Each structure stands twice: as structure tokens, then as C-alpha cells.
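Chemist: Quick one: structure below, then a few questions.
Numbering (the numbering used here), first residue to last: 460 to 546.
Here it is as C-alpha cells:
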């Protein structure tokens, strides 16, 4: 989107908008993962899922958390570059 912008100011605004969208997406996803983890824990306590299923779901949640951490690290790096380039 920034490449299609005509002026420097327009590009800067688009870059800021995208950064906010990414941050909001990470926040929403983090919340959903936390809710999923709680649901898995509750299902296990109630005996609704087997230990094997619990382990499988927990591993998947951990994989997603690692992906979120990676995205968040990339976002922070991008944010740093944006701050350096845009006053």
C-alpha cells in the first residue's frame, strides 16, 4: 500500500496505519490463544478430553504462541525502522 502512495506524507500515514493494524492483530490473536488455553485446561479438569488430546492441543497452543512472539519481534523491528525514517 505504501508503494502505491503518491506523496511521502501519504506513505508515512499508510505505514503507521499498517503498524497499528499489525499490533491490533497480534493483541487479538494473543487474547484468543489465552482463551483457548483456558478452555483446554477447563476441558481437561472436567474430564471432557483425554490426556493425549490435552497434550496435543497444548502443544498446538504453544506453537501458536511462538509464532505470535516471532511476529511481535518482527513488528518491533519494523517499528524501530519506521521511527528512524519518519520523524
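Using N, Cα and C, we set each Cβ at its ideal position, and we do this for glycine too.
Please read all numbers here as calculations on a predicted model, not as lab measurements.
Within the same chain, show all residues whose beta-carbon is closer than 7 Å to that of residue 538, passing over the 5 residues directly before and after it, in chain order.
Modeler: If the five residues before and after residue 538 are omitted, its C-beta is found closer than 7 Å to the C-beta atoms of 478, all from its own chain and listed in chain order.
Chemist: Taking three-plus beta-carbon pairs below 8 Å as touching, is the segment 464-473 in contact with the segment 483-498?
Modeler: Flag = no, the segment 464-473 and the segment 483-498 do not touch.
Chemist: Out of 486, 487, 485, 520, point me to the one whose CA is closest to residue 497's CA.
Modeler: 520
Chemist: Does the segment 528-542 come close enough to the segment 471-488 to have 3 or more Cβ pairs within less than 8 Å?
Modeler: yes
Chemist: Provide the residue span of the alpha helix (DSSP H) that contains residue 502, from first to last.
Modeler: Residue 502 -> alpha helix (DSSP H) spans 467-505.
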